[in-house]
Every structure is written in C-alpha cells, then in structure tokens.
Amino acid sequence: MLVVAAIVVLSLVGAGGFAVAGGAAALLPERPEGCNQPDRTVTLYAVELPRDGNQIRLGYGLTPQTASYPGPTMEMIEGECLAVTLHNQVPAATLEQLRTDPTHPLGVSLHVHGVKYTQLSDGTAQSFSYVPPGQSRTYTWYAKKRDRTAGTPGTAGYWWYHDHVVGGPHGTKGIGSGLFGGLVVRRVGDPKPDRTYMSVFGDQQSINLRRGAAADTCDPVNPVPGPTCIVAKKGERVEFIVVGIGNDMHTFHIHGHSWADTRTGVLTGTNAETDQVQTIDNKTVGPGDSFGVQIIAGDSVGPGHWMIHCHMQFHSDAGMYTTMHVLDENGNMPPGGGHEHSATSSGAAPAGSGAGVHQHK
Amino acid sequence: MLVVAAIVVLSLVGAGGFAVAGGAAALLPERPEGCNQPDRTVTLYAVELPRDGNQIRLGYGLTPQTASYPGPTMEMIEGECLAVTLHNQVPAATLEQLRTDPTHPLGVSLHVHGVKYTQLSDGTAQSFSYVPPGQSRTYTWYAKKRDRTAGTPGTAGYWWYHDHVVGGPHGTKGIGSGLFGGLVVRRVGDPKPDRTYMSVFGDQQSINLRRGAAADTCDPVNPVPGPTCIVAKKGERVEFIVVGIGNDMHTFHIHGHSWADTRTGVLTGTNAETDQVQTIDNKTVGPGDSFGVQIIAGDSVGPGHWMIHCHMQFHSDAGMYTTMHVLDENGNMPPGGGHEHSATSSGAAPAGSGAGVHQHK
Amino acid sequence: MLVVAAIVVLSLVGAGGFAVAGGAAALLPERPEGCNQPDRTVTLYAVELPRDGNQIRLGYGLTPQTASYPGPTMEMIEGECLAVTLHNQVPAATLEQLRTDPTHPLGVSLHVHGVKYTQLSDGTAQSFSYVPPGQSRTYTWYAKKRDRTAGTPGTAGYWWYHDHVVGGPHGTKGIGSGLFGGLVVRRVGDPKPDRTYMSVFGDQQSINLRRGAAADTCDPVNPVPGPTCIVAKKGERVEFIVVGIGNDMHTFHIHGHSWADTRTGVLTGTNAETDQVQTIDNKTVGPGDSFGVQIIAGDSVGPGHWMIHCHMQFHSDAGMYTTMHVLDENGNMPPGGGHEHSATSSGAAPAGSGAGVHQHK
C-alpha cells in the first residue's frame, strides 16, 4: 500500500531510553566492528607553531619538529585499521587563549571524516574523546570496505581529519589555527599519483591558511614541493586533496586541466554509464566538503605556470590563488611564454603576476 | 557541419505568440499527461501554529490538529498519480501580516519539486493556482516514470513541497514560517528505510526552524522520534531527507556514518561504474536543493550520540547541530562513553554538549 | 607497504628550477598536443556596448555589430581544434576606467574552461596572452577526446569562456561587464537540442546581467527567442547552459521540469548504475561552475509560463527570475491558466507576475 506518513507517527518500538540498562548492557565499543586490532600505528603530535602575525598557529606532525599546517597527509587502504596516538603538546595557556567559554574543556582532538570510528574516537567534547594538555589518546580509524549485505558503501575517498574541541564544541579555533590534514583511502587498483598536494580553501581567502604571495613560495631555481609550492614535471600524475574549512563557500579551479567528477578523480570503465560522468575544471567546495582531483600535469597543454584559484572573483582578487608550475620532462621551464617577454621588454611583471616565481630572468 | 551559433539567431519557427489562438486551441490541461485520474487522494490543511517567540509559525498537516513544521512526509511510487486537496485555514489577518506588498494576493499554496504537474497545480500567484483563505484547491502530482522515447528521466528521488505565495511571489514568508515538507518518490525495489527524518537546513542556523537545544528535545528515558528527536537502534536503516531553504548555503554532516552520493543514498551494482560513485559524509545544500541520505545506524561504529551539524563553523557554533542517538539492538544506550565519565567525575556536562539528552545519569 | 606521507617529504627528482635551461630547451608550445593545425577558425570581436544605467557594458560578438552579453554560444565536437581570433575593439579609455591598479596592463582576453590550450592561449596577464586595445590575438582551443592511456577524461561538457584581464589579474571587471559566453563540447551521438539558452547567474541577483522585468522581455505576440526571452514549443528539446559568475552562490531552479545530473543533462543506459543517477530540478551553481540542463519542453506538464529562478529566497524576491514560455505544438499559448482568470476578473496581474508577457488578453 502506498502511504502518506507523518514523521510524528514513527514510533521507536522497544526503545528503553538512553539511560544505562541493567547488568547485561555492553560498554560502548573501543574499536569499530571489523577491526579486531590495528594493522598499523601512527604517532601524531599537536604543537604550537610560530605565529603568523598575531594569529596563533597550531599544527599536527609525525614529530613535534615537523608539525605543519596542513598536517601530514595520511593514506590508508580499504580494509585497513589504523591506530593514531595523538600527543597534545600545545601549551594549556595557548588553548586558554583560544577558548571563549571558560566552561569548555581544554584539549585538542582528532576527528576524522569518511572512515569508521566509535564514540571513543569521535574527537568531541561531548563524548570526552579529546586530549587534555600534556596527555595522549589513541584514536582508531577503520577504512571499512563496502558491505553489500548491510548495504553500506566503502570508505575509499578523499577525506580530512581535524580538531573538534579547541575553542568550542566544534573545534572552530583549532581548525582555524591549523589543526587539519588530509586523508586518502584507496582501493586496491586505484591509480597512484606521483605527487599529492593539499588544497584547503578557507576563510580570509586562504589556501592552506595563506593567501597571495604567501601561498606560492616556490624558489624559481630550486622549487621544493610542499604546501606553498606546487610543482610537477609534464606527464606526472598529480593529486589534489581539496578540502573546505571555515565559514565560506569557495570553488577550486585549475587552468588548462580538468578531471572526472568521480571517487578517484579519474574516469574508468567503457560503457554508457561512464559516458555520463561529468568532466569539470571548477568545483564548489563548502566547509567540511572534500574531494579528489587527479590530473596528468601538462597533458596536451604543455609546461607553464598554471593558475589555481577560487573563482569567486572577490576571493581571487584578494589573494586566493596559487600556481601549479609544470616543468618539461627534464625538469626545466621552457621559454616562450610571457615571462620572457617580460624579461626582454620592460623587465616588470604585470600586476597580479603573483608569487616570486615570475621574477626569473 | 560544426557551427558556431549565436543565441540571437535562433528563431521560433511557426510561433504564433502567447495570445490565445482561435477556437481550436485546447485549454491548459488540468492533469499531467499520463495521469488520467488520480490513483490516490490526500487531504492537507494549512494552519497557523503557536508562535515561536515573535515568529509566526504555519504548518501543513493531514489534519488541522496534527499540522507541524516540517509538514507530513509524503511518499509516492514512480508511476503513481496523487491528488492533494489543500484547505487554507490560515487566518486572512495572519497572511496580511506576512504580506509586504498590498497588491500581492492573500493565500497559501502547494508547489512541489521533482514530480509532474500542470500550470493549474504550479502553486504560484502568476498562474493563480493558490488557495485564498477559507477555500481549498486540489493539486495533482504525477510521479512520472522514465520515458526512454522522450529522453526524460524518472521522478524517483528526494524532493520537497512548499508554499509559493505567502508574503510574495516566491513564498518566502510561507517557507520561512513553516510551510514545507518532504516528498520521497521511490522506484519499485528501492531500499525501504526503518525510519525517515527530515533535515531542513535554513536561515538563522536552523534545522527544521529550530537551533541549539531546541533542535534536540529527546527525552533520555523515553525518546519519541520526531523532527526534534532523531533516534534509532543499531542496524536500522535510517533515511534523511535533506532540504535547503532560505537565503544561505549550508552543509549536512553526520558523524561516524557516510552515504553514497546516488539517487537513493545507497550504492548498488557491481562494475567499474559503481566503483566511481563517491562516498561522502558532508554535502553542500543550497536553498531548493534536496537529496537523500541512507545509513545503517551504528554500522561498525556502534551506539552513541552521533552529531549532525552544518560544517560552516559559525553556523554550528551558533546552534546548527543536533544528534542522532543510536541505541543498541535492545534499545538501550550502553555506558562507556564520556557521558558516564562526566557523571562519575564532576557531574557537569562540557560546554556545548547540546540537548538535555546528555544529562542522563 | 602502507605509508603515512608528510607532504613536505615529497621531492622533485631532477628538477632544474624554472629558469630557462640550456640550448636544448624547447619553447612553450603554441598549440596543444593533438592539434597539429586548427580544423576551423572563428573571428570574435570584443566591443563596448551601450551602458546599462551607469554600468559599462562590454560584449563579444561574431561581428562588432552583433556583440552581446552573453556572447555567442560556441559549439565544438570532441576531437576538434578551433582557432579563435579575438579583435579588441574596446576603447583604451574604457579599459582604463575599469582598471583599479595603474600597473595592470590594458587589454581583453579569452580564457576558456574545459578544453585544452597552451600557456599562449591562457588569456591571463601573467602569461601575457591578452590583447591590447586595437590589436588581435589567436587563441587555440582543442576539444581533446578521452585518452585511456594517459588516464584523462574527454572534454565534452558544458563550459564557458570569459575575459581574464580587464580590471585586474582575474578579469573581474571584464566578466562583470559582459565578457563571457557559453561553450558546448559534444560527443558524436550526443542529443541535439532544438534550442539553446544561456543562464548566467551572477551578482546583484542577475540572470545574464539582468533582473526582474529586464530578464524577460518576450513580446507576447511575437516572442523572439534570445537571452531575455526563453520560449519553446511543447516537445522541443531545450538546452540550458548554466554558468555562475561573480561573487555569490546561486541555484538554478525550473518549474515543472527536471533533468538528469549527467554530462549531457540526459539519462542514457539501462543498468543498475543508470538507476543511481540523480534527477534534479534545482542545482547549486558557484562562480566558475557550469553545467548543462536538457529538458523536453512541456513534457507531461503541458504549455504554460514556467518559472526559472534562483531558490535563494532573497535573490528571487529581488528579481532573480525569468520564465520559460512553453507554447503548444502549434505555437500558441492555450487559455485555461490563471492569466485568463486575471483578464476576466480584475484585469490586474498579481504582484510579482513578472515580465510583460502576462498582460496578454
């Protein structure tokens, strides 16, 4: 029978309320079902980093010395269970400064998207799964495979992890200070990139909390790949983990390259359904959203300084842009573009030419 | 031949203008093609509800006494034709208060997304398909199947219905006051949920027009499922109809659970194309957007108080969050989480712990 | 081995920096790989159009006399290579007025989404690929096919082209003044529409830079299809190229019609994967986003004045709406809707009834 159901007539058959039941009740589980014990362990440190002007900066690192924002990119294979032990080395005084409500607890945490974890690894204040200053806590993440019996999809995808307690119950100050990083869960057979870059689009027109020239610090002679220097050789498979944080909507746009709007960013398969997949070069990213972009650097289009920017015009105008520098197969940037024109005519870069990489002669 | 066509060179061959043609012209049809007569009828009432502070609240109900916001969730099967008779019991004086333009007509209406309807069921002022105070009108909705000859897709999906005339030509005041509800159109064989919840994300950081503690009023001892109490037992299939209303962008995020970004929220099929479907746990929702989320409550992650919130940080901080309470298979909430820590240590819930459900001993 | 990789440990093996290498280095290529020479050429003019109030208006045209905003819709077939020669006829004085930074160069350009182009056709100031006043430049676009060896998707899709230099390094003033147009790349066998309309959603609640009555200027007796008059006969396949520009988020919503969220806007195929494709009637569009909507005008729902609007309520209330006028198969608008009620009762159109098309008797 076809029915029109008012929500309010749903009833919870057999519900005994939230109160703890009698002696037979099990405790909340420590690990997700399917993870009997972790396949691997990682140690992560949350530390305070040098301030960026007046801005407090925090970061996650595999060692306290290598902490950064974004934090280290984690990679898992579907089926794997990972135990991440987080040490909170952020001074209590700093956490107090970031706290607006004196009744909110002091601590940092690890809240992850996409993979499975129990309440004890939720990373929230309400579940008490955070780490007070000077202490540590182990979070268990399970990259569950698709379960056709239960009807649940797999966890392979592009995700991120972040603090959920610094400053308030949603970790707004923790995220805003730098406590976030990327997570890729791959399926066996997924394409493996030659390079992986995080592109975290956030408030104040920032990419990875920087904007304008600060978002591209590539040394033109010896560019060192990293969060503020995106460089690849022609033909390399480059992967972007795109994440939105903060309060605003953004779009991720890259010049000269496009990708398939799929789980991996790559198109596979051969039939009519494959033919329906959208190829895009601009995608809206809201806070909490994450997706993967996989491209072949310079494919068909060749080397060059390819812009990456938010297509909200006032965002890009305010500095929400960076550049993917695609070198030729030998690692050189060929002449022939406007840069050489610049050098040979007036020597002055045009306004808005961005980072220092354009000053090469 | 490949062509570059300027839009302006398109011409309307044979167009005779909008004016009514001679005697041979047919009237605008009352029902969509394919619906000879309704398979089913529903009676709906639009009424005024108690104010929420100064806010006027209206609601749709299957009876005047059970009207609510959101209104009753409608369910149809592809191929079905439904006649909904709407009785406008909202006082004319209330509608006048909500009207900013004295030339705009007084009335309420039913405008539906996704399914088929003729101009006479459009629910707009410009088509005069609204209901003046004290009157009624029958709207015909047709859940058309895919038509491979015409090349049109089916109408199965997650939709919503809403007023389109209260206050102005777009029903802004009607929607903002509570005149909206969910509609699910299923295809034969689609997974059937054990529970369905509406999550309408709107202005002023509201979920179903409430925020903060008001968005989760679950009684910890006897939680009654409803718009402000999301509860399920482990293993139950829970469906969310997520809808955006108002002026702002939001994201729907749920902790510990994820879903397939498909028509049903569930992943089916076995080949390379299936493998390309994205699993997500956060999705941007703009006004007018609607999508379905289907999850197995507690799958792998177990029972607990799982947060649902907008991931725009200033939205969640301002109260745009609620909780899905997942009980164990027996309907109990197991101990072991932070809540018991709280009870046994200081007894004080942390700031931001949300609704009263956390005060259980 | 499963690894946790910090981004910063990526290294660029063999990178020689951006500086020009020795004599063996090739120049930046003029054309994308795969395009040995253009299959077709197009001439495009950028001109100044009459102001819209105080607003400077620019447009692209296949001739200077036919320039408009949006510019001509371009159409390509996958595999095709197109050379577009752009003549900049916009007065230097106008470009100076639009420039906020006196060091930014004067010129207009062509930056295209989706298809392939080298740095020399990037249309940016930093690559010097723009056109100073009174000059011309040829841009080469290559609608590359899917490359299964490289693992790159095809370029078929709904795209747009726009200026990237007027006013500043992101072309904000060029786009805002009207320098944009649509591009459709089709694959052999893709459905061919009977009519194509551009729907560019932008700042100040504009559709194609107009709003309110200005967005629908259809003559009720002889409606001439164009950017401000959307009209079709029942049964015609109508295609919308939906593009977002400017600073704001919007949603594209159409009454009575829906489409498949696929590459073409049409659903093809027969299996379980096809069944997972979402049918939608409202889609969020951020700046830089573009997608295609294909519908059969009046399918099942019949003729009528079908609203198209942004579902952000304050946007539609402020005039971000237009109408698709669906005539019957003979090109007439049948009586029977509210319009005739209006004519026979008071003769007054309700507030918000929109463009003059509702005044037909």
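Protein chains in written order, with numbering that gives the first Met the number 0: chain A, 0 to 360; chain B, 0 to 360; chain C, 0 to 360.
By construction, the Cβ of each residue, glycine as well, lies at the ideal position given by its N, Cα and C atoms.
Legend entry - Contact set for P190/A: own chain, Cβ-Cβ below 6 Å, skip 5 residues either direction: For the purposes of this step, residue 190/A is taken as residue 191 along the first sequence, with counting starting at 1. Contacts found: V265.
Legend entry - chain A contact residues for F313/B, given Cβ-Cβ distances below 7 Å: Residue numbering aside, residue 313/B sits at position 314 when the second sequence is read from its first letter. Chain A residues near F313/B: N246.
Inset, instruction - Output yes if chain B places a C-beta closer than 9 Å to the C-beta of K232/A; else output no. - result: Residue mapping note: residue 232/A aligns to position 233 of the first sequence, counting from 1. Not closer than 9 Å to any Cβ of chain B, the Cβ of K232/A fails to qualify, so no.
Legend entry - Interface partners of P286/C on chain B, CB under 7 Å: As a working note, residue 286/C is residue 287 in the third sequence. Simply none; closest approach about 13 Å.
Legend entry - Nearest-angstrom Cβ-Cβ length linking T283/B and T250/B, presumed shorter than 8 Å: Counting from one through the second sequence, the residue named residue 283/B turns up at place 284. Counting from one through the second sequence, the residue named residue 250/B turns up at place 251. Sure, about 5 Å apart at Cβ, within 8 Å.
Inset, instruction - Could you list the residues in the stretch 126-143 of chain A with a C-beta less than 7 Å from some C-beta on chain B, going in chain order? - result: S126, F127, S128, Y141 and K143
Legend entry - I295/C vs G234/C beta-carbon contact at 9 Å: Numbered from 1 along the third sequence, position 296 holds the residue referred to as residue 295/C. Numbered from 1 along the third sequence, position 235 holds the residue referred to as residue 234/C. Their beta carbons are under 9 Å apart, which means I295/C touches G234/C by this criterion.
Legend entry - Buried versus exposed call for D100/A [16 or more other C-beta atoms within 10 Å across all chains shown]: Here residue 100/A corresponds to residue number 101 of the first sequence, with the count starting at 1. It counts as exposed.
Legend entry - Inter-stretch contact at 8 Å, needing at least 3 Cβ pairs: the stretch 270-284 of chain C / the stretch 167-178 of chain C: no
Inset, instruction - To the nearest angstrom, report how far apart G243/C and G60/C are at their CA atoms. - result: Your numbering for residue 243/C matches position 244 in the third sequence. Your numbering for residue 60/C matches position 61 in the third sequence. Cα-Cα distance, rounded: 20 Å.
Legend entry - Residues sharing a beta bridge with D146/B, DSSP: Working through the second sequence from its first residue, we reach residue 146/B at position 147. In the DSSP output, where bridge partners are listed per residue, D146/B has T151/B.
Inset, instruction - Check the Cβ of H252/B against every Cβ in chain A and list those closer than 7 Å, keeping chain order. - result: Reading the second sequence from its first residue, position 253 is the one you call residue 252/B. Going along chain A in sequence order, the residues near H252/B (Cβ under 7 Å) are G287.
Inset, instruction - Verify the CB distance criterion: does N270/B have a CB-CB separation below 9 Å to chain A? - result: Here residue 270/B is taken as the residue at index 271 of the second sequence, counted from 1. True, the Cβ-Cβ gap to chain A drops below 9 Å.
Inset, instruction - Return the first residue and the last residue of the beta strand (DSSP E) that L182/B is part of. - result: Here the question's residue 182/B lines up with position 183 in the second sequence. F179 to R185 is the span of the beta strand (DSSP E), which, as asked, contains L182/B.
Legend entry - Segment contact, 8 Å Cβ cut-off, at least three pairs: the stretch 50-70 of chain A with the stretch 121-141 of chain A: no
Legend entry - Through-space distance from R210/C to D431/B, alpha-carbon basis: What is shown of chain B runs 0 to 360, which leaves residue 431/B out entirely.
Inset, instruction - Compare the Cα-Cα distances from F127/A to each of W305/B, N331/B and C309/B and report the closest residue. - result: For the purposes of this step, residue 127/A is taken as residue 128 along the first sequence, with counting starting at 1. Here the closest residue by C-alpha is W305/B.
Inset, instruction - Tell me, please, whether the CB atom of F239/B is closer than 9 Å to any CB atom in chain C? - result: As a working mapping, residue 239/B is identified with position 240 in the second sequence. No, F239/B does not count as interfacial toward chain C.
Legend entry - Exposed unless 16 or more other CB atoms sit within 10 angstroms - verdict on V114/A: As a first step, residue 114/A must be located in the first sequence, where it is residue number 115. Buried: at least 16 other Cβ atoms inside 10 Å.
Legend entry - 9 Å Cβ cutoff, E32/B in contact with chain C: On the second sequence, position 33 is the one that residue 32/B refers to. It does: the Cβ of E32/B has a partner Cβ on chain C nearer than 9 Å.
Inset, instruction - Please check if any C-beta of chain C sits within less than 9 Å of the C-beta of P37/A. - result: Position 38 of the first sequence, counted from the first residue, corresponds to residue 37/A. No, P37/A does not count as interfacial toward chain C.
Inset, instruction - Determine the DSSP secondary structure at A271/A, reduced to helix, strand or coil. - result: One-based indexing of the first sequence puts residue 271/A at position 272. In this structure, A271/A counts as coil in the three-state DSSP scheme.
Legend entry - Alpha-carbon spacing of R30/B relative to P37/B, whole angstroms: In the second sequence, the residue the question calls residue 30/B occupies position 31. In the second sequence, the residue the question calls residue 37/B occupies position 38. If I take the Cα positions, the gap works out to 9 Å.
Legend entry - Neighbour flag for V242/A against chain C, beta carbons, 9 Å: To locate residue 242/A, count along the first sequence from 1; it is residue 243. No, no contact with chain C.
Inset, instruction - Grab the span of the beta strand (DSSP E) containing H313/B for me, first residue to last. - result: In the second sequence, the residue the question calls residue 313/B occupies position 314. Going by the sequence as given, residue 313/B is Phe instead of His. First-last for F313/B: Q312 to D316, but that is the alpha helix (DSSP H), not the beta strand (DSSP E).
Legend entry - Within chain B, the residues that I294/A reaches when beta carbons sit closer than 9 Å: Within the first sequence, residue 294/A is the residue found at index 295, counting from 1. Those do not exist, as I294/A stays about 16 Å from chain B at its closest Cβ, beyond 9 Å.
Legend entry - Alpha carbon of V83/B to alpha carbon of G180/B, nearest angstrom: Taking the first residue of the second sequence as 1, we reach residue 83/B at position 84. Taking the first residue of the second sequence as 1, we reach residue 180/B at position 181. Straight-line Cα distance between these residues: approximately 13 Å.
Legend entry - Helix, strand or coil at I244/B [DSSP, three-state]: The residue you call residue 244/B lines up with position 245 of the second sequence. In this structure, I244/B counts as coil in the three-state DSSP scheme.
Legend entry - chain C residues whose Cβ lies nearer than 9 Å to that of T267/B: Start at 1 with the first residue of the second sequence, and residue 267/B comes out as number 268. Those are A271, E272, D274 and Q275, listed as they occur along chain C.
Legend entry - Terminal residues of the beta strand (DSSP E) in which K282/A lies: Translated into the one-based positions of the first sequence, residue 282/A becomes position 283. Residues N281 to V284.
Legend entry - Boundaries (first-last residue) of the beta strand (DSSP E) holding G201/A: Position 202 of the first sequence holds residue 201/A. Its beta strand (DSSP E) spans residues R194 to G201.
Inset, instruction - Give every residue of the same chain whose Cβ lies closer than 8 Å to the Cβ of V269/C, excluding the five residues on either side of it in the sequence, and list them in chain order. - result: As a position in the third sequence, residue 269/C is number 270, starting the count at 1. What sits at residue 269/C in the sequence shown is Thr, not Val. Contacts found: none.
Inset, instruction - Give a yes or no on whether the minimum CB-CB distance between V46/A and chain C is below 9 Å. - result: Along the first sequence, one-based indexing puts residue 46/A at 47. So no, V46/A is outside the interface.
Inset, instruction - Whole angstroms is fine: what's the gap from K232/A's alpha carbon to G153/C's? - result: In the first sequence, the residue the question calls residue 232/A occupies position 233. In the third sequence, the residue the question calls residue 153/C occupies position 154. C-alpha separation (whole angstroms): 22 Å.
Legend entry - Start and end residues, beta strand (DSSP E) containing L119/C: For the purposes of this step, residue 119/C is taken as residue 120 along the third sequence, with counting starting at 1. First-last for L119/C: undefined, no H or E at that position.
Inset, instruction - Could you tell me whether any Cβ in chain A is nearer than 9 Å to the Cβ of A259/C? - result: Working through the third sequence from its first residue, we reach residue 259/C at position 260. A259/C counts as touching chain A.
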